[in-house]
Amino acid sequence: MAIGRQGTNDPGEDPAGASEPITLTDPDGAVTRVAPWSTWTREQVRAPGGEPALVTRIEAGQLWFAAGRKRSPWRHEVKVGPATVSTPRGRFHVTAEPDGGATVACLAGRTRVVAGLREPVLLGPDQTAAVSSDGATLVVMDRVTGATAPDHAAADEPIALPEAWPAGWTEQEATLAAEGERARAALEAEVAASTDGAAAEPAAGTSSRSGRRAADRREAALAGVGAGAAGVAGLAAAVAEQDGTGGEAPPTPADAGTAGGEGDDQGGADDPPRRRRWTWIPEIVAIAALLGVLVAAVVVFGNGSDRTDVADAPDRTATTLAASTSAPSTTSAPSTTEAPTTTEEPTTTAKPTTTLPPAIVAPGTASGALAGCKRAEGGVRATVTVAHRSGGAGRFVVKVGLVDGAGTVFAQGQAQTAVLEPGASTPIDVLVPVAGSVSGACELLEVVPA
29 MAIGRQGTND PGEDPAGASE PITLTDPDGA VTRVAPWSTW TREQVRAPGG EPALVTRIEA
89 GQLWFAAGRK RSPWRHEVKV GPATVSTPRG RFHVTAEPDG GATVACLAGR TRVVAGLREP
149 VLLGPDQTAA VSSDGATLVV MDRVTGATAP DHAAADEPIA LPEAWPAGWT EQEATLAAEG
209 ERARAALEAE VAASTDGAAA EPAAGTSSRS GRRAADRREA ALAGVGAGAA GVAGLAAAVA
269 EQDGTGGEAP PTPADAGTAG GEGDDQGGAD DPPRRRRWTW IPEIVAIAAL LGVLVAAVVV
329 FGNGSDRTDV ADAPDRTATT LAASTSAPST TSAPSTTEAP TTTEEPTTTA KPTTTLPPAI
389 VAPGTASGAL AGCKRAEGGV RATVTVAHRS GGAGRFVVKV GLVDGAGTVF AQGQAQTAVL
449 EPGASTPIDV LVPVAGSVSG ACELLEVVPA
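Numbering-wise (the working numbering), the sequence shown opens with residue 29 and increments by one.
(1) Three-state secondary structure (DSSP) at L485?
(2) So, is the C-beta of A446 closer than 9 Å to a C-beta in chain B?
(3) What would DSSP say about P310, mapped onto helix, strand or coil?
(4) Using the Cβ count rule (16 or more neighbours within 10 Å means buried), how would you classify P153?
(5) Using only CA atoms, which one of G419, T454, R117 lies nearest to L135?
(6) By Cβ distance below 6 Å, which residues in the same chain neighbour T53 in space, the five residues on each side in sequence not counted?
(7) Name, in chain order, the residues that DSSP records as bridge partners for I456.
(8) Would you kindly report the start and end of the unbroken beta strand (DSSP E) that includes D154?
(9) Rounded to a whole number of angstroms, what is the C-alpha to C-alpha distance between V124 and T383?
(10) Looking at the structure shown, is G163 part of a helix, part of a strand, or coil, going by DSSP?
(11) In whole angstroms, give me the CA-to-CA distance for T436 and V412.
(12) Whose C-alpha, out of A164, V326, T156, is nearest the C-alpha of R171?
(13) Measuring alpha carbon to alpha carbon, tell me which residue in S418, P80, V408, T445 is nearest F424.
(14) Would you kindly work out how many angstroms separate the C-alpha atoms of V83 and G407, rounded to a whole number?
(15) Nearest by alpha-carbon distance to E71: which of A88, G396, V323, K427 is it?
(16) If we ignore side chains and look at the alpha-carbon of each, how far apart do V327 and T307 end up?
(17) Taking 9 Å as the threshold (C-beta atoms), are A421 and G464 in contact?
(18) Measure the C-alpha to C-alpha separation of G468 and G400 and round it to an integer number of angstroms.
(19) With the cut-off set at 9 Å, would you say H104 and A133 are in Cβ contact?
(20) Tell me the DSSP secondary structure of G77 in three-state form.
(21) Taking P477 as part of the beta strand (DSSP E), name the residues at either end of that continuous run.
(22) In the DSSP assignment, find the unbroken beta strand (DSSP E) run with E105 in it and report its ends.
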């Protein structure tokens, strides 16, 4: 089943319900926001043996996406031009260019872009990718945010709303996002300063590993800054932890065993005593295996030496036949019976033919895509393209509804297609009867077999 939504873009119509951005919130917390007057569709796709995916295709306009915080049974994908964009925990913005290309901007976290290249491209925050219409060219650019160095006077400056945020966001949401970006820049500078100071001191193998672990914690905290105040708190906790421990963490047992062997009287770094203590384990395992083989051989070959297992041979009995001394007597000559004559020709019986029942074909399935929606006499006429997906040929019923700004369906209509052969597709017009003025957006409800 395919689901799509599109604003009516007839210049003579009432623009109510289409001049505002459309926001879709999924059960896993993911939010998709489509700019006004954009052409887009959404469908749920599941490949054989794979996980289901919720695919949003945008052909014209702009779209913002923010990943949810809950564990989702499906993955989210946005297809724009020749590119497929996804993110596990971040946010991104895509624009469908008029020439068929696409522009992808990563707003937070990591964004994965798959085009016509051999490998996907990962975008970080403040990075933008421009994809050509054929998908063979992808250019990554770093966006200039204009952030200044953190100081005491920065808190008194007004907070500027970034241009990358959707126009439909509230002032509170935009303010929180801008505060998070400023806190991110300040804490990045502070962390970089503390990291440079720690790198100037002489460090052993253990300190280098602890520095890497601190960097990993810092990157994990920075990845959450885009989420608002929660990300800022996580980054502050990571910086406080690094400042309190001096950039070092207690070495693990694995680090202690490979740290160079300081204080070890039995060997150096290449031969730690821990390895020597366990070198006798393979020898004991080999001896135990050899003993097991010997015991098995004794048990197998010793079973045939028991005398009780030998059975006595059966007694041989002699059978004596009595000899007959008298000769046989012949009483009559044998009679010969004439062979019967056959006069009738043999008849040949034809082999029965078995007629197989006709093959049973599974009911057909189809998907639809909302291609257009405009005002018509008596209501709104929606054009849907129905494509046969699997199963046998058949007719399908297409249902289309009108939704208001709250997402409630207040009117709906349906139409039936002609017989569709496997692999075929056809457009169909569905009239949604509405009395009075028409406002809202068209939504494809379902495509089911007739």
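Just so you know, even glycine gets a beta-carbon here, dropped at the ideal spot from N, CA and C.
Looking at the atomic coordinates:
(1) Because the chain spans 29 through 478 in this model, residue 485 falls outside it and cannot be assessed.
(2) In the structure shown, chain B cannot be found, because there is only a single protein chain.
(3) As a first step, residue 310 must be located in the sequence shown, where it is residue number 282. DSSP places P310 in helix when its eight states are reduced to three.
(4) Mapped onto the sequence shown, residue 153 falls at position 125. P153 is buried by the Cβ-count criterion.
(5) Start at 1 with the first residue of the sequence shown, and residue 135 comes out as number 107. Considering only alpha carbons, the answer is R117.
(6) Indexing the sequence shown from 1 puts residue 53 at position 25. So the qualifying residues of the chain are V59.
(7) As a working mapping, residue 456 is identified with position 428 in the sequence shown. Answer is V412, bridged to I456.
(8) For this step, residue 154 is matched to residue 126 along the sequence shown. Looking at the DSSP string, D154 is not in any beta strand (DSSP E), and its letter there is neither H nor E.
(9) What you label residue 124 is simply residue 96 of the sequence shown in a count that begins at 1. What you label residue 383 is simply residue 355 of the sequence shown in a count that begins at 1. Inspection of the sequence shows that residue 124 is occupied by Ala rather than by Val. So the alpha carbons of these two residues sit roughly 58 Å apart.
(10) As a first step, residue 163 is located in the sequence shown; it is residue number 135 there, counting from the start. Note: G163 maps to coil in three-state DSSP.
(11) If you number the sequence shown from 1, residue 436 lands on position 408. If you number the sequence shown from 1, residue 412 lands on position 384. Their backbone Cα atoms lie some 20 Å apart in a straight line.
(12) Here the question's residue 171 lines up with position 143 in the sequence shown. Here the closest residue by C-alpha is T156.
(13) Here the question's residue 424 lines up with position 396 in the sequence shown. Residue T445 is the option with its Cα nearest to F424.
(14) Locating residue 83 in the sequence shown gives position 55, counting from the first residue. Locating residue 407 in the sequence shown gives position 379, counting from the first residue. C-alpha separation (whole angstroms): 30 Å.
(15) Residue numbering aside, residue 71 sits at position 43 when the sequence shown is read from its first letter. Cα-wise, what sits closest to E71 is G396.
(16) Here residue 327 is taken as the residue at index 299 of the sequence shown, counted from 1. Here residue 307 is taken as the residue at index 279 of the sequence shown, counted from 1. Approximately 32 Å between the Cα atoms of the pair.
(17) Numbered from its first residue, the sequence shown carries residue 464 at position 436. Numbered from its first residue, the sequence shown carries residue 421 at position 393. The answer is no: Cβ separation not under 9 Å.
(18) If you number the sequence shown from 1, residue 468 lands on position 440. If you number the sequence shown from 1, residue 400 lands on position 372. Cα-Cα distance, rounded: 14 Å.
(19) Here residue 104 is taken as the residue at index 76 of the sequence shown, counted from 1. Here residue 133 is taken as the residue at index 105 of the sequence shown, counted from 1. Not in contact: H104 and A133 (Cβ atoms no closer than 9 Å).
(20) By 1-based counting over the sequence shown, the position of residue 77 is 49. Of the three classes helix, strand and coil, the one that applies to G77 here is coil, per DSSP.
(21) If you number the sequence shown from 1, residue 477 lands on position 449. First-last of the beta strand (DSSP E) with P477: 469 to 477.
(22) Stepping through the sequence shown from its first residue, residue 105 is reached at position 77. Residues 103 to 108.
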